[in-house]
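Asker: Numbering of the sequence shown is given in this note's numbering, commencing with residue 503 and proceeding in unit increments. The C-beta atom is built at its ideal place from N, Cα and C for all residues, glycine as well. Supplied in structure tokens, the structure appears directly below.
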Amino acid sequence: MGFTSAGSTNPPGDKAKWRHYVADRRAIDEASRSARRAARQWWWFGRAPMGGEGACVRTNGRLEGKVVLVNGGARGIGAAAVHRMAREGAVLSVADIDGDALSATVAAVEHDGGVATGVVGDATDSAFVDAWVAGVVERHGRIDVLYNNVGVSRGGLIGDLSDDDWHFQQRLTLDSVFYATRAALAPMVRARAGSIISMSSGAGIGGEYNLGGYAAAKAGVINLMETVAMEYGPYGIRANSLTPGPTATEPFVAYYRDRPEDIDQLTAGLDLRRTSRPDEVANTILWLASDESSNITGICVRSNIRAGGARPI
Numbered sequence: 503m504g505f506t507s508a509g510s511t512n513p514p515g516d517k518a519k520w521r522h523y524v525a526d527r528r529a530i531d532e533a534s535r536s537a538r539r540a541a542r543q544w545w546w547f548g549r550a551p552m553g554g555e556g557a558c559v560r561t562n563g564r565l566e567g568k569v570v571l572v573n574g575g576a577r578g579i580g581a582a583a584v585h586r587m588a589r590e591g592a593v594l595s596v597a598d599i600d601g602d603a604l605s606a607t608v609a610a611v612e613h614d615g616g617v618a619t620g621v622v623g624d625a626t627d628s629a630f631v632d633a634w635v636a637g638v639v640e641r642h643g644r645i646d647v648l649y650n651n652v653g654v655s656r657g658g659l660i661g662d663l664s665d666d667d668w669h670f671q672q673r674l675t676l677d678s679v680f681y682a683t684r685a686a687l688a689p690m691v692r693a694r695a696g697s698i699i700s701m702s703s704g705a706g707i708g709g710e711y712n713l714g715g716y717a718a719a720k721a722g723v724i725n726l727m728e729t730v731a732m733e734y735g736p737y738g739i740r741a742n743s744l745t746p747g748p749t750a751t752e753p754f755v756a757y758y759r760d761r762p763e764d765i766d767q768l769t770a771g772l773d774l775r776r777t778s779r780p781d782e783v784a785n786t787i788l789w790l791a792s793d794e795s796s797n798i799t800g801i802c803v804r805s806n807i808r809a810g811g812a813r814p815i
């Protein structure tokens, strides 16, 4: 008595063949589990493989010749936005504190035919931000778009947060947006045109357990953009924020890849039952930067945050 294939479900009679049979079945079961896990990850993480942004082939030129500042564009959503706007013809100046990652992002854009320069610095240092913006204006004569993408969170209940925890999150997440926005407003007022886009979070809309400092800062980002829209709309300047929800950046995917129960629980509470992809968020940023949203200002674009409930655009 024996078996003829690894796929047989009839167990063999002798011990040696039984050991081979068990090993084969385990291999098949593991392959099946891996396939199911890969299929679930394909859905969880936005139904697209992680990887590069692809060649910087010009599409419709929606930002052709526009001078765009990206505050925090070396990695993740920021880098995806840099690549996406470069593909539409933007002239980009990208600031980030991570010099190595910034150099890699800028080099990739240039290699693919885009136009970008990198400036290494601390977004919480107003002197650096002022000098960065002034340098871009001196070189290009104007600023058409500012995209603020700097932010950080530290977990902890409100009663357990130290002064340093609180102020660190406010500096990185809210002060950085204020400094860059303030610096960009003067040249935009002179041009009587401009679009300011700032990254917020679902935590800034409804709060977030164990992330009170971050939630407060992100709520401030939304309110700041609404105020800028009111104050500077008469000068042709638009200001908006966006909350992309959980997004499958490389660190996010690496963290959740071997935590299927956690990602199941997370995605079950999202409208689309999956995370967003960086390129999807970059498309929203492109829309807010382009003239296609020329009458859109003072809003928070909310996407794929929590299932159910009324959600304005």
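For the alpha helix (DSSP H) containing Arg586, name the first residue and the last one.
Answerer: Here the alpha helix (DSSP H) through Arg586 covers 578-589.
Asker: Could you tell me the alpha carbon to alpha carbon distance between His585 and Val638, rounded to whole angstroms?
Answerer: Approximately 19 Å between the Cα atoms of the pair.
Asker: What's the C-alpha gap between Ala784 and Leu676?
Answerer: So the two alpha carbons sit approximately 21 Å from each other.
Asker: Output the distance between the C-alpha atoms of Ile698 and Glu794, rounded to the nearest integer angstrom.
Answerer: C-alpha separation (whole angstroms): 14 Å.
Asker: Mind checking whether Val723 and Val647 have CB atoms under 7 Å apart?
Answerer: Cβ distance not < 7 Å, so Val723 and Val647 don't count as in contact.
Asker: Any idea which residues DSSP pairs Asp730 with across the strands?
Answerer: A small fix is needed here, since residue 730 is Val in this sequence, not Asp. None; Val730 has no bridge partner.
Asker: Taking the beta carbon of Thr729 as the centre, do at least 16 other beta carbons fall within 10 Å, making it buried, or is it exposed?
Answerer: When all chains shown are included, Thr729 counts as exposed.
Asker: May I have a chain-ordered list of the alpha helix (DSSP H) segments no shorter than 4 residues that lie completely inside the stretch 634-693?
Answerer: Complete alpha helix (DSSP H) runs here, min 4: 665-672, 678-693.
Asker: Looking only at its own chain, which residues have a Cβ that is under 7 Å from the Cβ of Leu604, when we skip the five neighbours before and after it?
Answerer: Once the five neighbours on either side are set aside, the close Cβ partners of Leu604 are Ala576, Val596, Asp598, Gly620, Val622.
Asker: Taking DSSP as the reference, what is the three-state secondary structure of Asn725?
Answerer: In the structure shown, Asn725 sits in a helix (DSSP, three-state: H, G or I).
Asker: Would you call the CB atoms of Gly714 and Gly747 closer than 7 Å?
Answerer: Result no, Cβ atoms of Gly714 and Gly747 do not sit closer than 7 Å.
Asker: For the alpha helix (DSSP H) that Thr786 lies in, which residues bound it at each end?
Answerer: Run containing Thr786: 780-791, per the alpha helix (DSSP H) assignment.
Asker: Select from Arg776, Asp632, Ala588, Asp600 the residue whose C-alpha is nearest the C-alpha of Ala611.
Answerer: The amino acid occupying residue 611 in the given sequence is Val; Ala does not appear at that position. With distances taken between Cα atoms, Val611 lies closest to Ala588.
Asker: In the DSSP assignment, find the unbroken beta strand (DSSP E) run with Arg768 in it and report its ends.
Answerer: Per the sequence shown, residue 768 should be read as Leu rather than Arg. Element bounds for Leu768: not the beta strand (DSSP E) but the alpha helix (DSSP H), 762-770.
Asker: Within 10 angstroms of the Cβ of Asn797, are there 16 or more other Cβ atoms? Answer buried if so, exposed if not.
Answerer: So Asn797 counts as exposed.
Asker: Quick one: using the 10 Å Cβ neighbour count with 16 as the cut-off for buried, is Tyr649 buried or exposed?
Answerer: With 16 or more other Cβ atoms within 10 Å, it is buried.
Asker: Look up Thr745 in the DSSP assignment and say whether it is helix, strand or coil.
Answerer: In the structure shown, Thr745 sits in a strand (DSSP, three-state: E or B).
Asker: Can you tell me whether Ala688 is buried or exposed, with buried defined as 16 or more other CB within 10 angstroms of its CB?
Answerer: Exposed, since its Cβ has fewer than 16 Cβ neighbours within 10 Å.
Asker: Kindly indicate which residue of Ala629, Ala582, Asp624 has the alpha-carbon position closest to the one of Val608.
Answerer: Among Ala629, Ala582, Asp624, the Cα nearest to that of Val608 is on Ala582.
Asker: Helix or strand or just coil, what does DSSP make of Ser595?
Answerer: Reduced to three states, the DSSP call for Ser595 is strand.
Asker: Which partner residues does Thr619 have in the DSSP bridge list?
Answerer: According to DSSP, which records beta bridges pairwise, Thr619 is partnered with Ser595.
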